[in-house]
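Everything below concerns the one structure shown next.
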Amino acid sequence: QRILQAYEASGLPRDEYAQRVHGRDEEVNQLTQDALTEAANRAAREEALLRAFDASGKTVEAFADMYGMHVLDANRTLERARTRLARHAATPAQDTVTTNSEATDAAPETATPAP
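The end of the sequence shown is residue 117 by our numbering, with every number in the run present.
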């Protein structure tokens, strides 16, 4: 449980986190892999619930009741999924901005002035 919490708090992609915490103790490495698998399963479940909620058009209260969840649990689950999706959506955009910025910076060097 602590490994799972540490991973989620890190904000790192799964593979990068696994590389950073990999050590010599194979038992600890296996526990880490198990926690990362659990995190991936939880994320998939939460994102599926978010898609179902968005498609349902229902209030959080009605949705929670429909799935047998407490409304606070449903709200937390939906918020975690939204946050995770927003974080993942922002990451590639930052890479694109960097790439476009680098291309723009390089362009003036290769351009020749007009006569």
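All C-beta atoms, glycine included, are put in the ideal place defined by N, C-alpha and C.
These numbers come from a predicted model, not from an experiment.
Outcome for residue i when other beta-carbon atoms lying within 10 angstroms are tallied against a minimum of 16
i, result
"Ala92", "exposed"
"Thr34", "buried"
"Leu80", "buried"
"Ala88", "exposed"
"Ala57", "exposed"
"Ala11", "exposed"
"Tyr9", "buried"
Reduced DSSP category for residue i - H, G, I as helix; E, B as strand; rest coil
i, result
"His24", "coil"
"Gln3", "coil"
"Leu14", "coil"
"Thr39", "helix"
"Thr168", "Nothing can be reported for residue 168, as the shown portion of the chain is limited to 3 through 117."
"Met68", "helix"
Whether residue i touches residue j by CB criterion (7 Å)
i, j, result
"Arg4", "Leu38", "no"
"Glu48", "Arg82", "yes"
"Val73", "Ala64", "no"
Expected contact under 8 Å - CB spacing of residue i and residue j to nearest Å
i, j, result
"Val118", "Asn43", "No answer is possible for residue 118: the residues shown for the chain start at 3 and end at 117."
"Ala41", "Leu6", "6 Å"
"Leu52", "Arg22", "Not really, about 28 Å apart at Cβ, beyond 8 Å."
"Met68", "Lys60", "7 Å"
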